[in-house]
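A.B. asks: If you want our numbering, it's the 1-based position in the sequence shown plus 29.
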Amino acid sequence: MGVSLEQNGGGRVRSFGRLEKISADGFQQKSPRPLVQSPNKLANGFGKPPLPKMMMMSSHSSSEDLANSYAHYMGSSDGESSEGEGSIKKQEVLETSSISNGAVSTTREVEQRNSNDAEQVDSEDDEDEDQEEEGYWVYPEDKMTSEEINFGVDPRDVGTSDDWIERHPSLVRLTGRHPFNCEAPLSQLMKAGFITPASLHYVRNHGYVPHATWDEWRIEISGRVKWPTKLSMSDLLTKFPQREFPCTLVCAGNRRKEQNMTSQTIGFNWGAAAVSNSVWKGVRLCEVLRYCGVMSKKKGALHVCFEGAETLPAAGGSKYGTSVTIEKAMDEAQDIILTYEQNGRHLLPDHGYPVRIIIPGYVGGRMVKWLTSITVSSQESQNHYHFNDNRVLPSHVDAEKAKAEGWFYRPDYIINEMNINSAITTPAHNEILPFDSIQKPYAVKGYAYSGGGRKVTRVEVSLDGGETWQMCNITRLEKPTKHGKYWCWVHWDLDVEVTDFLQSKEMVVRAWDEALNTQAEHLTWNVMGMMNNCWFRVKIQACRTPGGGIGLNFEHPTCPGNQPGGWMVKQKGTDQKPQPAAALEPAIPVKKSLVKSSSTPSFRHPVVRQISMFEVRRHTHSESAWIVVHGSVYDCTAFLHEHPGGVDSILITAGTDATEEFDAIHSDKAKTMLEKYKIGELMHESEHDIHSAGSTPDSSLRGGNNFKFLTTISEIPQSTTHPVALNPKERIPFQLIEKEKLSSNICKLRFALQSKDHILGLPVGKHVLIAANVNGRLVMRAYTPISCDKDVGYFDLLVKIYFKNENYPSGGLMSQYLGSLTVGESIMVKGPLGHIQYKGKGQFEVHGHVKHARKLAMIAGGTGITPVYQVIRAILEDPNDHTDVSLIYCNRSESDIMLKEQLDEWQEKHSNFRVWYTITSGNVRESWKYSTCRMNEQMMREHLPPGSPDTYAFLCGPPAMESSSLETLEHLGFDKKSCFSF
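1. For a test of the three-state rule: what should DSSP assign to M174, helix, strand or coil?
2. Could you tell me the boundaries of the beta strand (DSSP E) in which N210 lies?
3. Based on Cα-Cα distance, which residue from I569, V527, M500 lies nearest to K534?
4. Using the Cβ count rule (16 or more neighbours within 10 Å means buried), how would you classify W319?
5. For G191, write down the residues that DSSP places opposite it in a beta bridge.
6. Let me know the secondary structure DSSP gives W309 once reduced to three states.
7. Run through DSSP, which three-state label would T947 get?
8. Between D191 and chain C, is any beta-carbon pair separated by less than 8 Å?
9. Got a sec, what are the start and stop residues for the beta strand (DSSP E) I295 sits in?
10. With 16 as the cutoff for other CB atoms within 10 Å, does G513 come out buried or exposed?
11. With H, G and I counted as helix, E and B as strand and the rest as coil, what does DSSP make of P896?
12. Take every Cβ of the segment 437 to 447, pair it with every Cβ of the segment 498 to 510, and state whether three or more of those distances are shorter than 8 Å.
13. Are the segment 516 to 523 and the segment 274 to 282 in contact at 8 Å, needing three or more beta carbon pairs?
14. Would you tell me roughly how many angstroms separate the C-alpha atoms of R539 and F565, rounded to the nearest one?
15. With burial defined as no fewer than 16 other Cβ atoms inside 10 Å of the residue's Cβ, what is the status of S1018: buried or exposed?
16. Does DSSP put C315 in a helix, a strand or coil?
17. Which residue from N952, K398, T497 puts its Cα closest to that of C334?
18. For the segment 430 to 440 against the segment 403 to 421, do three or more pairs of beta-carbon atoms, one drawn from each stretch, fall closer than 8 Å, so that the two count as touching?
19. What is the rounded straight-line gap between the Cα of A781 and the Cα of G822?
20. Keeping to the same chain, check which residues put their C-beta closer than 7 Å to that of S844; ignore five residues upstream and five downstream.
21. On the premise that K286 lies in contact with T587, defined as a C-beta separation below 8 Å, what is that separation, rounded to the nearest angstrom?
22. Pull up the DSSP beta-bridge partners for R206, would you.
23. Tell me whether the segment 337 to 351 and the segment 259 to 274 touch, counting them as touching only if at least three CB pairs, one residue from each stretch, are closer than 8 Å.
24. Write down the C-beta distance between R943 and L916 rounded to the nearest angstrom, noting that I regard them as a contact closer than 8 Å.
25. Need the endpoints of the beta strand (DSSP E) that K880 sits in, please.
26. For E710, count neighbouring Cβ atoms within 10 angstroms of its own Cβ and tell me buried if that reaches 16, exposed if not.
27. Near E991, what residues of its chain come up, given a Cβ to Cβ distance below 7 Å and the 5 sequence neighbours on each side ignored?
28. According to DSSP, is Q66 part of a helix, a strand, or is it coil?
29. What are the start and end residues of the alpha helix (DSSP H) that includes E937?
30. Which class does P861 belong to by DSSP, given the choice of helix, strand or coil?
31. Would you call the segment 250 to 259 and the segment 307 to 326 touching, i.e. three or more CB-CB distances under 8 Å?
32. Let me know the secondary structure DSSP gives I382 once reduced to three states.
33. DSSP beta-bridge partners for N450?
34. Could you pull out every residue in the same chain whose Cβ sits closer than 6 Å to the Cβ of S653, ignoring the five residues on either side in sequence?
35. Classify D183 as buried or exposed, calling it buried when 16 or more other Cβ atoms lie within 10 Å of its own Cβ.
36. Buried or exposed for G495, going by 16 or more other Cβ atoms inside 10 Å?
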């Protein structure tokens, strides 16, 4: 925890965190708390400003950087101590001890002085212990740009029940598209620092994310309480003291893929990033239970059970639930809270909005999200997941034995507290260290954590298989709670001479906590793959650098999810993803285990039905859902409502080869279960057949057997005389043939279709997904072309390039990539996608429902003009379409306005179209006649039609703009059901 400030009675300001650095030789250095400042020295009533972001969030800062920052924060501009209240000496923070007695003595004197200072302030703090940890926090999100927080709906979620949730595009998905389970790339997680942004926090969902409304949400408290009640969110905020503190959450399956490389468990492949640390705010569970009159243990109050809102097929249609003992629930030292904020903001949907349980020091599986029910009971939770998840069974117990003999119901194997664990994060997997950096030590870095509030006291790295160990530096940005608990991870680092790497084949790390728990040398396999905390091993080997020199390559044990790579994966011989038998060249020797499907026909099935891919593609709906896995065809219709992930998990892959997603999610047992749904083998298609079916649709209206493209053709009746370029289930390459620079950051790109006779096949109002490999990873973004299907043989994209800058360090990955393309290069495009389609003459189809509009109120922001532009163009180019259109177009500056020349021309020529521009910054021409402010209600009243039964509003722009616009539209008489976002 970093330094945070709170104004207290009488102008008193407290510091709740002290920078603590543990040196490599094991001695601890703390900075003394600042002296209490008098009221006349407080700035704006709150004393010092918030701690700089680099202290709060950077795990890559050196100890000197942190000390300089802290010293500057406490009143000195150059890192030196200044006399007077609130000062701190830089050398006291940086001072570390050596083995000599003199150094030890110095360290002890510093610690004693710090201790005395701490005692003085702590004695004052006792006056108001409940607020000891409260204060002003600098959250990572406070320093992020809107682009770094608002991501839009991920294309992978389209067609699932979660297609309304914004998710960070870089999160590594571990269970296919749905349900959503993910972790951040390990390097990106550590770069975020001590406090993890909510958007990068790992997610464990068992099914869909419930829709929730703050004002309507209720938590029912019942069971062994005197006054059963239902609490609203407002009740939580007004009736109980608030508690806010940082806490590390860990999934019990963290590092599970290492276990799966030993032998497959029943769990999916978590990497080493199923851990995150955020600041949580809520009210203590014990306060809520006292408010309801919790009964005594003698009267049966032995357990506190929690349940969420989601209905889960795997649990027989029940909710997710679990419990803790009454002792745990009522112990104020345990800091269990009903949480409604993460990093100063409402919880994200994936993290339990509007309220969840946080149980510091416990595994994440006990922290129920979307909390609706708290029941005080005489027995532990009887929920399906309380027994069938988060258990560590003995190694000899497999899934069948566990189920048959009731091992999951034995209390000795339940997981509650986290165990001690650590990992190496720098060097990253496959990082190459050139030999030209031999003269400079390399900073090895990582994280460590423990459970139960136990302090991590030591982290050690070995380069010789554990024969000798080097002590690491620990940066601890947290102080203990008033009950002596440590709820947060630590980051550690160690400078290693490159010459030491040259003599080593492996680097390992282990951590210790205050109970002297440490990590085992080798993993202990268990059927659920839980609590893996063996030494984290990084292999080291010599290699060629990209420049042709010699270097060292570092290889982690695994990569998360279905990603290939990792020395354990290679050892198992599965570095290459399994391929369908039909795709393997017979001349290439491969292991049988990689070719043979688990559903390969046995002698009991002498005749196997051969099914073409054309036939499979016809079965894409809930009445008939077929999939292909490893060359075998399965009819999963009967299993739709039994699938643990729900119907969506199957339907999104129905009619396709689902091998990759199936392997990413399921265990060997699931593959065996799939056998009962097998209906045949996939017919081998010739290369010509595959090309014809997968790349270029049959343009013939006779159709033949090409059922795959009937839907695509029927969606675009005006273009039946032209072949369609797009394919909704495949990415198609298109070559750049023209590039026109319109301004310093806007360019127009023209791409050739498969032939001069093709049309793109994009219905008006829909968009495409553009895919590219950027910096070694797949990036996909939604774009709406500005051309239409009257443009034959090509399509045009208008691209605004978001370059790197201090506020946006990475810039726009896709926009920069597109801006760097040269004529002759290609992009991959998939589509059409989208829920809005304009069919002409005022008729829209929105989510499959037809709407008829006489007037349109349209609002666009920045690049959000492109889908709006498409609809306006379709209306104005049809002389029989008299739909009236009013547009407000918002931008930061006049130079940011896209397509202005065309919009102005249309306004001049067409009486049924009006456009009004508004800009919020930058200089404007003297002749500028439009607004120079943010869009407001008065502007909307003047330039948009009022709401009526035949008037609809369509919006496209930044989420904040859309949200505020929707509120204002209601004031203008628009019904929510008549307002839509592209």
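Backbone N, C-alpha and C define an ideal beta-carbon position, used for all residues, glycine too.
C.D. replies: Taking the definition as stated:
1. To locate residue 174, count along the sequence shown from 1; it is residue 145. Reading off the sequence shown, one finds Thr at residue 174, where the question assumed Met. T174: coil per DSSP, three-state reduction.
2. Counting from 1 along the sequence shown, the entry for residue 210 is found at position 181. From DSSP, the beta strand (DSSP E) with N210 extends over 210 to 212.
3. Here residue 534 is taken as the residue at index 505 of the sequence shown, counted from 1. The option with the nearest alpha carbon to K534 is I569.
4. Along the sequence shown, read from residue 1 onward, the residue named residue 319 stands at position 290. According to the sequence provided, residue 319 is Arg. The question's Trp does not apply to it. Result: exposed.
5. Numbered from its first residue, the sequence shown carries residue 191 at position 162. A small fix is needed here, since residue 191 is Asp in this sequence, not Gly. D191 is not bridged to any residue.
6. Position 280 of the sequence shown holds residue 309. If DSSP states are grouped into helix, strand and coil, W309 belongs with the strands.
7. Start at 1 with the first residue of the sequence shown, and residue 947 comes out as number 918. T947 falls in the strand class under three-state DSSP.
8. Among the chains in the structure shown there is no chain C, since it carries only a single protein chain.
9. Translated into the one-based positions of the sequence shown, residue 295 becomes position 266. Element bounds for I295: n/a, residue is neither H nor E.
10. The residue you call residue 513 lines up with position 484 of the sequence shown. When all chains shown are included, G513 counts as exposed.
11. As a first step, residue 896 is located in the sequence shown; it is residue number 867 there, counting from the start. P896 falls in the helix class under three-state DSSP.
12. no
13. Output reads yes: the segment 274 to 282 touches the segment 516 to 523.
14. Residue mapping note: residue 539 aligns to position 510 of the sequence shown, counting from 1. Residue mapping note: residue 565 aligns to position 536 of the sequence shown, counting from 1. Spanning the two alpha carbons is a distance of roughly 7 Å.
15. In the structure as shown, the chain begins at 30 and stops at 1011. Residue 1018 is therefore absent and cannot be evaluated.
16. For this step, residue 315 is matched to residue 286 along the sequence shown. Residue state for C315 is assigned as helix, using DSSP reduced to three classes.
17. Start at 1 with the first residue of the sequence shown, and residue 334 comes out as number 305. Of N952, K398, T497, the residue nearest in Cα terms is K398.
18. Yes: the two stretches touch, three or more of their Cβ pairs being nearer than 8 Å.
19. Along the sequence shown, one-based indexing puts residue 781 at 752. Along the sequence shown, one-based indexing puts residue 822 at 793. A781 and G822 have their alpha carbons spaced roughly 6 Å apart.
20. Here residue 844 refers to the residue found at position 815 of the sequence shown. Excluding sequence neighbours, S844 sits near V828, K829, I830, Y831.
21. Translated into positions along the sequence shown, residue 587 becomes position 558. Translated into positions along the sequence shown, residue 286 becomes position 257. Rounded, the Cβ-Cβ distance is 4 Å, consistent with contact.
22. In the sequence shown, the residue the question calls residue 206 occupies position 177. The partner list for R206 (beta bridge, DSSP) is empty, contrary to what the question assumes.
23. Of all C-beta pairs linking the segment 337 to 351 to the segment 259 to 274, fewer than three are shorter than 8 Å, placing the two stretches out of contact.
24. Against the sequence shown, residue 943 aligns to sequence position 914. Against the sequence shown, residue 916 aligns to sequence position 887. Yes, they are in contact, since the Cβ atoms of R943 and L916 sit about 7 Å apart, within 8 Å.
25. Counting from 1 along the sequence shown, the entry for residue 880 is found at position 851. For K880, the uninterrupted beta strand (DSSP E) segment begins and ends at 878 to 881.
26. On the sequence shown, residue 710 is found 681 positions in, with the first residue counted as 1. When all chains shown are included, E710 counts as buried.
27. For this step, residue 991 is matched to residue 962 along the sequence shown. So the qualifying residues of the chain are L984, S1010.
28. Here residue 66 corresponds to residue number 37 of the sequence shown, with the count starting at 1. Since pLDDT at Q66 reaches only 32, below the 50 mark, its modelled position is unreliable, and no value is offered.
29. Position 908 of the sequence shown, counted from the start, is the residue given in the question as residue 937. That run of the alpha helix (DSSP H) goes 929 to 938.
30. Taking the first residue of the sequence shown as position 1, residue 861 is located at position 832. Strand, per DSSP.
31. yes
32. Here the question's residue 382 lines up with position 353 in the sequence shown. Strictly speaking, residue 382 in this sequence is Tyr, with Ile absent from that position. It is coil, neither helix nor strand.
33. To locate residue 450, count along the sequence shown from 1; it is residue 421. N450 is bridged to Y478.
34. The residue labelled residue 653 in the question sits at position 624 within the sequence shown. Excluding sequence neighbours, S653 sits near T666.
35. Stepping through the sequence shown from its first residue, residue 183 is reached at position 154. So D183 counts as buried.
36. Taking the sequence shown and counting its residues from 1, the one referred to as residue 495 is at position 466. When all chains shown are included, G495 counts as exposed.
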